[in-house]
Amino acid sequence: MSQREGRTSADFVAESEDAEQEGYKKTLGRRQVQMIAIGGAIGTGLFLGSASRLHDNGPALVLSYAFVGLIAYFLMRALGELVLYRTTSGAFVSWMREFFGEKAAYYTGWMYWTNWALTGIAELSAVGLYVQYWWPQMPTWATVLIALAVVLVVNLLSAKAFGEFEFWASVLKVTAIVVFLAVGLVVVVMSLDVGGHRAGIQNLWSNPGGFWPTDGAFGWAGPILVMSGVVFAYAAIEMVGIAAGEMEDPKREVPKAVNAVIVRIAVFYCGALFLLVCILPTSEFTPGISPFVTVFGRMGMPWMASVIQAVLIVAAMSSLNSGLYTTGRVLRSLGIAKQAPGFTLKMSTSGVPWAGIVMTAVVYVFGSVLNALSPDAFEIALEAAAIAVLFTWGTIFVCQLRLRRLSDRGVVPASPFRAPGTPWTSYLGLAFLVFVVIGMAISGWQASPYFWHKTGFVVVAIGLPALLVIFEVGWLIVKPRVVEATGGQMLGRWTDDGPRYAPVREAAPKTELIAAVGTARVKPQKPKRTGPTDEKEK
Numbered sequence: 003m004s005q006r007e008g009r010t011s012a013d014f015v016a017e018s019e020d021a022e023q024e025g026y027k028k029t030l031g032r033r034q035v036q037m038i039a040i041g042g043a044i045g046t047g048l049f050l051g052s053a054s055r056l057h058d059n060g061p062a063l064v065l066s067y068a069f070v071g072l073i074a075y076f077l078m079r080a081l082g083e084l085v086l087y088r089t090t091s092g093a094f095v096s097w098m099r100e101f102f103g104e105k106a107a108y109y110t111g112w113m114y115w116t117n118w119a120l121t122g123i124a125e126l127s128a129v130g131l132y133v134q135y136w137w138p139q140m141p142t143w144a145t146v147l148i149a150l151a152v153v154l155v156v157n158l159l160s161a162k163a164f165g166e167f168e169f170w171a172s173v174l175k176v177t178a179i180v181v182f183l184a185v186g187l188v189v190v191v192m193s194l195d196v197g198g199h200r201a202g203i204q205n206l207w208s209n210p211g212g213f214w215p216t217d218g219a220f221g222w223a224g225p226i227l228v229m230s231g232v233v234f235a236y237a238a239i240e241m242v243g244i245a246a247g248e249m250e251d252p253k254r255e256v257p258k259a260v261n262a263v264i265v266r267i268a269v270f271y272c273g274a275l276f277l278l279v280c281i282l283p284t285s286e287f288t289p290g291i292s293p294f295v296t297v298f299g300r301m302g303m304p305w306m307a308s309v310i311q312a313v314l315i316v317a318a319m320s321s322l323n324s325g326l327y328t329t330g331r332v333l334r335s336l337g338i339a340k341q342a343p344g345f346t347l348k349m350s351t352s353g354v355p356w357a358g359i360v361m362t363a364v365v366y367v368f369g370s371v372l373n374a375l376s377p378d379a380f381e382i383a384l385e386a387a388a389i390a391v392l393f394t395w396g397t398i399f400v401c402q403l404r405l406r407r408l409s410d411r412g413v414v415p416a417s418p419f420r421a422p423g424t425p426w427t428s429y430l431g432l433a434f435l436v437f438v439v440i441g442m443a444i445s446g447w448q449a450s451p452y453f454w455h456k457t458g459f460v461v462v463a464i465g466l467p468a469l470l471v472i473f474e475v476g477w478l479i480v481k482p483r484v485v486e487a488t489g490g491q492m493l494g495r496w497t498d499d500g501p502r503y504a505p506v507r508e509a510a511p512k513t514e515l516i517a518a519v520g521t522a523r524v525k526p527q528k529p530k531r532t533g534p535t536d537e538k539e540k
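Each step along the sequence shown adds one to the number in my numbering, with nothing skipped, and position 218 is 220.
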């Protein structure tokens, strides 16, 4: 019997997982991981997007952000359990493959790529508009190319270069928020006059329309329906799961980063919004203008508008940087399983999946041109990408539920960082995501009297089915290659009682393994001859 004969399926799974991580460098340290986790929760959704939500929903928006923040915490605890069960740069794509099979992994990977591709195009276009604040004559196309070149170079250098960029971008974003929190706290505690309004907690109920306005576009349901938009302000916190594959010590760093999320959301999001509504009536905030710019302007510090504008550019660049990083890793995981073009497997000597990153960058360029030519059509596409965020969050919850069921039955080892409240916290998270989709449809329908301007409704009723049809056609195209690559092992690796497939009897070189659970087709190897075997050969 050969050395490999008699291996169990679990042994082969472990070997396949090792192959998936081949080539990556574990260079992300504690300092970078912590700031990546913080930066993922602070972006343009807070600095800019909160203005329109405050204007429409009043002080009750603080409760909206707090509740969604709690769901985000449940999500991160579920993600943390998965990461410490098995750390991989394929993250949710790889876990979906292990627990639910090839087709589930295909949908998960391409949904996540769609989200980042379209989000990145929007952020790239936004950078062009933000830069025109200082240089109105600067062509948007030039800004787009310069911004993309910067983040592309950063990503192609190494994972450590990506981490350094995110570290300093997060430092700037956090510093801006901390400065506002310090100034705002003094203003509120001392009840100072700000633009003719007396700051103080009393503004929570003396606000026009009261604490919970009922005269907005959606009546009393406004602060509830707005949660569908608040979710996207927290999008990107899940990228810690992908970055874990290149952390120096994920078992130490991931629990710290995950547990700190709830505190950061409470302080940076809810704390900042609480001070904003205590300083000015929410009717003073104007959609399209950062509420922080509004507050500092009323305080007689208009120069802060330039600072916030710089922070907006950094936040958009940070999102672009994250988009290239995550899509490169996800595309490689898909490529290894024959679900993406073969060139996405290419890696540099510094451990960067450069081909997938370049592919996304090319899409960014063409997408930015499309956005400039047809912004209305692109707005619908961007809303469709938002659905992909919900899908990704949903995959994390369902994978965690499956992992816990299998570990409780002794089929797989338990994660050392188990999510509290399981399964109820994950069930609540999934129910909330369904509610968000319904909320998008309702708010979208009421948003405009013109059908094609009912963006949220159009996306849910037409865009989502169309996206699923596109993915299904893609699956039919790649399925024969996947079947060949996996030897027909297309389902998840585990049943409730143990491995789904029979033990593997023959080994393949590590470099020929399809790097995912249950996706390896073992190629029979001819025995090597070390010398002549008979007189004729002699």
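We put the beta carbon where it would ideally sit given N, CA and C, even for glycine.
Checking the sheet assignment: what are the DSSP bridge partners for residue i?
i: residue 500; result: 497
i: residue 195; result: 200
i: residue 249; result: 30
Report the three-state DSSP secondary structure of residue i (helix, strand or coil).
i: residue 404; result: helix
i: residue 134; result: coil
i: residue 327; result: helix
i: residue 55; result: helix
i: residue 490; result: coil
i: residue 214; result: coil
i: residue 50; result: coil
i: residue 510; result: For residue 510, the predicted model reports a pLDDT of 44, less than 50, meaning its position is unreliable and no value from the coordinates is stated.
i: residue 282; result: coil
i: residue 348; result: coil
i: residue 45; result: coil
i: residue 515; result: Any reading at residue 515 is ruled out, since the residue's pLDDT is 40, under 50, leaving its predicted position unreliable.
i: residue 182; result: helix
i: residue 114; result: helix
i: residue 243; result: helix
i: residue 236; result: coil
i: residue 421; result: coil
i: residue 288; result: coil
For residue i, count the other beta carbons within 10 Å of its own beta carbon; 16 or more makes it buried, fewer makes it exposed. Which is it?
i: residue 58; result: buried
i: residue 109; result: buried
i: residue 486; result: exposed
i: residue 81; result: buried
i: residue 395; result: buried
i: residue 177; result: exposed
i: residue 204; result: exposed
i: residue 105; result: buried
i: residue 112; result: buried
i: residue 338; result: buried
i: residue 33; result: exposed
i: residue 471; result: exposed
i: residue 121; result: buried
i: residue 427; result: buried
i: residue 341; result: buried
i: residue 497; result: exposed
i: residue 436; result: exposed
Hey, quick one: how far does the alpha helix (DSSP H) through residue i stretch, first residue to last?
i: residue 367; result: 356-375
i: residue 294; result: 293-300
i: residue 340; result: It is not in any alpha helix (DSSP H) - residue 340 carries neither H nor E in the DSSP assignment.
i: residue 431; result: 426-448
i: residue 271; result: No alpha helix (DSSP H) holds residue 271; DSSP gives it neither H nor E.
i: residue 458; result: 457-460
i: residue 102; result: 93-102
i: residue 207; result: 205-208
i: residue 142; result: 142-159
i: residue 411; result: Here residue 411 belongs to no alpha helix (DSSP H), and DSSP marks it neither H nor E.
i: residue 79; result: 63-87
i: residue 225; result: 224-227
Looking at the ligand GTP, does it come within less than 6 Å of residue i, judged from the CB to the closest heavy atom?
i: residue 464; result: Absence of the ligand GTP from the depicted structure is noted, as is the absence of any ligand whatsoever, leaving it without description.
- Message: For the structure I just gave you, are there three or more beta carbon pairs, one from the stretch 330-341 and one from the stretch 78-96, closer than 8 Å?
- Response: Touching, yes, given that three or more Cβ pairs across the two stretches are closer than 8 Å.
- Query: Three or more beta-carbon pairs under 8 Å between the stretch 342-362 and the stretch 152-169, yes or no?
  - Reply: Touching, yes.
- Query: Are three or more beta carbon pairs between the stretch 46-57 and the stretch 227-239 nearer than 8 Å?
  - Reply: Between the stretch 46-57 and the stretch 227-239, the count of C-beta pairs closer than 8 Å reaches three or more; the two stretches touch.
- the stretch 177-190 / the stretch 271-287 touching (three or more Cβ pairs under 8 Å): With the cut-off at 8 Å, the stretch 177-190 and the stretch 271-287 touch.
- Task: Count the C-beta pairs between the stretch 59-71 and the stretch 213-232 that are closer than 8 Å, then say yes if the count reaches three, no if not.
- Result: With the cut-off at 8 Å, the stretch 59-71 and the stretch 213-232 touch.
- Task: Decide if the stretch 306-323 is in contact with the stretch 120-130; the criterion is three or more beta carbon pairs, one per stretch, under 8 Å apart.
- Result: Yes: the two stretches touch, three or more of their Cβ pairs being nearer than 8 Å.
- Pair every Cβ in the stretch 281-293 with every Cβ in the stretch 259-266, then say whether three or more of these pairs are closer than 8 Å. No, the stretch 281-293 does not touch the stretch 259-266.
- Query: Okay, do the stretch 458-468 and the stretch 433-448 touch, 3+ Cβ pairs below 8 Å being the bar?
  - Reply: Taking a cut-off of 8 Å on C-beta distances, the stretch 458-468 touches the stretch 433-448, as three or more cross pairs fall below it.
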